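Residue numbers (our numbering): 607 to 897.
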């Protein structure tokens, strides 16, 4: 018998993780549940009932129980103390003269038993913050203190603010539950200027939005002749100098005519026409057999 599997997220704009809900068959989307994770017990919101879950070798961790009103009150109470913990950690880091380390946020578990202090560094190297963690553990003895290093994208997501494009709220803070791999190729495929200010987000990394329409552009370009390809147009032969995937048009340089734009259907690649011509010149095998 297939166990009921649910998706649970632990942040308002966060990734959903799957859990076995056989212990709480009455659970529904919007409910809050307590689950055991690699970071201890966490309170999360049910985002979906998974219809056809993909089996994993390790299986799914079970839901412990449905959250009570007391659990929700506890979460709000500890959330109100996160700013205080972050400021205390920043002050301690300054006293320890930890250059290049920035304390970004503090996060309590719903019951206050775990305090996670998130930080970023100027370099990609892993920072050694044992002394800082030790001091914070002495100050917050009721909780298990954890130092977690996060990347530039996660920092931008946590801090929020206006996007590089002028959007009032950054995509990562507004609706992106997880980050997709981004490459320069995506910008090239869409004909976007490679000027750093044009393709870089507030996090200093390539903008997440480069992936939004990439697949559509890539699929459309497959239907269009590539640059420098020899083509035949209604105005004569020429070479492709540019293509517009959204409009499905091709710009061709034709000797003695200049640059002209044509619809895809009005242009025929020269090599395709040549292949058809050679095929037409081949003798008909069926005709030879009849003769």
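Note that the Cβ used here is the ideal one computed from N, Cα and C, for glycine as well. Keep in mind it's a predicted model, so treat the numbers as computed, not measured.
Compare the beta carbon distance of residue i and residue j with 7 Å and say whether it is the shorter of the two.
| i | j | result |
| --- | --- | --- |
| residue 805 | residue 811 | no |
| residue 629 | residue 668 | yes |
| residue 652 | residue 633 | yes |
| residue 640 | residue 671 | yes |
| residue 876 | residue 846 | no |
| residue 856 | residue 844 | no |
| residue 616 | residue 650 | yes |
| residue 683 | residue 723 | no |
| residue 733 | residue 751 | no |
| residue 692 | residue 705 | no |
| residue 673 | residue 638 | yes |
| residue 858 | residue 866 | yes |
| residue 872 | residue 840 | yes |
Do you know how far the Cα of residue j is from the Cα of residue i?
| i | j | result |
| --- | --- | --- |
| residue 612 | residue 661 | 13 Å |
| residue 807 | residue 795 | 18 Å |
| residue 709 | residue 742 | 13 Å |
| residue 745 | residue 738 | 11 Å |
| residue 783 | residue 622 | 8 Å |
| residue 771 | residue 791 | 20 Å |
| residue 809 | residue 759 | 6 Å |
| residue 689 | residue 697 | 12 Å |
| residue 785 | residue 769 | 16 Å |
| residue 626 | residue 643 | 12 Å |
| residue 666 | residue 648 | 15 Å |
Kindly indicate which residue of the options has the alpha-carbon position closest to the one of residue i.
| i | options | result |
| --- | --- | --- |
| residue 727 | 761, 750, 741 | 761 |
| residue 854 | 883, 666, 725, 828 | 828 |
| residue 831 | 820, 817, 851 | 851 |
| residue 620 | 642, 865, 867, 777 | 777 |
| residue 787 | 798, 862, 815 | 815 |
Can you tell me where the alpha helix (DSSP H) holding residue i begins and where it ends?
| i | result |
| --- | --- |
| residue 734 | Segment: none, residue 734 is in no alpha helix (DSSP H) and carries neither H nor E. |
| residue 688 | 688 to 701 |
| residue 649 | Where residue 649 is concerned, there is no enclosing alpha helix (DSSP H), although the beta strand (DSSP E) it sits in stretches over 646 to 656. |
| residue 823 | 820 to 827 |
| residue 768 | First-last for residue 768: undefined, no H or E at that position. |
| residue 882 | 876 to 887 |
| residue 803 | 802 to 805 |
What are the boundary residues of the beta strand (DSSP E) that residue i is part of?
| i | result |
| --- | --- |
| residue 641 | 638 to 643 |
| residue 614 | 611 to 615 |
| residue 683 | Residue 683 -> not in any beta strand (DSSP E); alpha helix (DSSP H) instead, spanning 675 to 685. |
| residue 849 | 842 to 850 |
Any idea if residue i is buried or exposed, counting beta-carbon neighbours within 10 angstroms, 16 or more meaning buried?
| i | result |
| --- | --- |
| residue 614 | buried |
| residue 675 | exposed |
| residue 618 | exposed |
| residue 702 | exposed |
| residue 699 | buried |
| residue 793 | buried |
| residue 714 | buried |
| residue 763 | buried |
| residue 748 | exposed |
| residue 781 | exposed |
| residue 825 | exposed |
Please decide whether residue i counts as near chain C, where near means a Cβ-Cβ distance under 7 Å.
| i | result |
| --- | --- |
| residue 759 | No chain C appears in the structure shown, which is made up of a single protein chain. |
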